[in-house]
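Asks:
Residue numbers (our numbering): 28 to 182.
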């Protein structure tokens, strides 16, 4: 019997698609007594475990010269949100090799991603500017007059 047979599992809409190498800031609800607060945890995603309702991701960071790893379930209601700070350029699915490196050596190169969505659109030139440029291209070029230099005779 699987948990999905008993209850329908709904993904948290506040969690974007993650991949290993991404630097993320995870905001998680923390309950202390009767009070609830939000605590942020920023680090590199070293593992994404896809397993239906048990899907989780592991984030690693260096805190006071000690490596700290936390595993967050994707379907947890305690996750307030996940923000992708930057995308890392990696060639592996599991980045366990970062555990043996120092904080300086464990830095990953950034992968540039250009998105053509609602926020970023290609800029089209205005029709008036195009008409002026076309008219300037068709007009013959007028040669500028050349200034004559006086010729002096010497005997």
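Glycine is no exception: its CB is placed at the ideal position from the N, C-alpha and C atoms.
1) State buried or exposed for residue 179, treating a residue as buried only when at least 16 other CB atoms are found within 10 Å of its CB.
2) From residue 81 to residue 132, what does the alpha carbon distance come to, in whole angstroms?
3) Can you give me the Cβ contacts of residue 74 inside the same chain, cut-off strictly under 6 Å, excluding the 5 residues immediately before and after it?
4) In this structure, what does DSSP give as the bridge partners for residue 197?
5) In chain order, what residues of the same chain lie with their CB nearer than 8 Å to the CB of residue 36, ignoring the 5 residues before and after it?
6) Determine, using beta carbons only, whether residue 117 and residue 70 come nearer to each other than 7 Å.
7) Using the Cα positions of residue 42 and residue 77, report the straight-line distance between them to the nearest angstrom.
8) Locate the beta strand (DSSP E) running through residue 76, then write down its first and last residues.
9) Can you give me the Cβ contacts of residue 38 inside the same chain, cut-off strictly under 7 Å, excluding the 5 residues immediately before and after it?
10) Within 10 angstroms of its Cβ, does residue 50 collect 16 or more other Cβ (buried), or is it exposed?
11) If you follow the beta strand (DSSP E) that residue 54 is part of, which residue opens it and which one closes it?
12) With 16 other CB atoms within 10 Å as the buried threshold, where does residue 125 fall?
13) Measuring straight from C-alpha to C-alpha, what distance separates residue 136 and residue 61?
Replies: Reading from the atomic positions:
1) Residue numbering aside, residue 179 sits at position 152 when the chain shown is read from its first letter. Burial call: exposed.
2) Taking the chain shown and counting its residues from 1, the one referred to as residue 81 is at position 54. Taking the chain shown and counting its residues from 1, the one referred to as residue 132 is at position 105. Using only the alpha carbons, I get a separation of about 32 Å.
3) Here residue 74 refers to the residue found at position 47 when the chain shown is read from its first residue. Cβ neighbours of residue 74 beyond the five flanking positions: 85, 121.
4) In the structure displayed, the chain extends from 28 to 182; residue 197 sits before or after that span and is not available.
5) Residue numbering aside, residue 36 sits at position 9 when the chain shown is read from its first letter. Closer than 8 Å at Cβ, skipping near neighbours: 30, 79, 80, 102.
6) For the purposes of this step, residue 117 is identified with residue 90 of the chain shown, where counting begins at 1. For the purposes of this step, residue 70 is identified with residue 43 of the chain shown, where counting begins at 1. In this structure, residue 70 does not lie closer than 7 Å to residue 117 by Cβ.
7) Position 15 of the chain shown, counting from 1, holds the residue named residue 42. Position 50 of the chain shown, counting from 1, holds the residue named residue 77. Each residue's alpha carbon lies about 14 Å from the other.
8) Along the chain shown, one-based indexing puts residue 76 at 49. Per DSSP, residue 76 belongs to the beta strand (DSSP E) from 62-76.
9) Here the question's residue 38 lines up with position 11 in the chain shown. Closer than 7 Å at the Cβ level, and outside the excluded window around residue 38, lie 101, 102.
10) Position 23 of the chain shown, counted from the start, is the residue given in the question as residue 50. Flag for residue 50 reads buried.
11) As a working note, residue 54 is residue 27 in the chain shown. Taken as a continuous stretch (DSSP letters only), the beta strand (DSSP E) holding residue 54 covers 50-59.
12) Taking the first residue of the chain shown as position 1, residue 125 is located at position 98. Buried, since its Cβ has 16 or more Cβ neighbours within 10 Å.
13) Taking the first residue of the chain shown as position 1, residue 136 is located at position 109. Taking the first residue of the chain shown as position 1, residue 61 is located at position 34. Straight-line Cα distance between these residues: approximately 43 Å.
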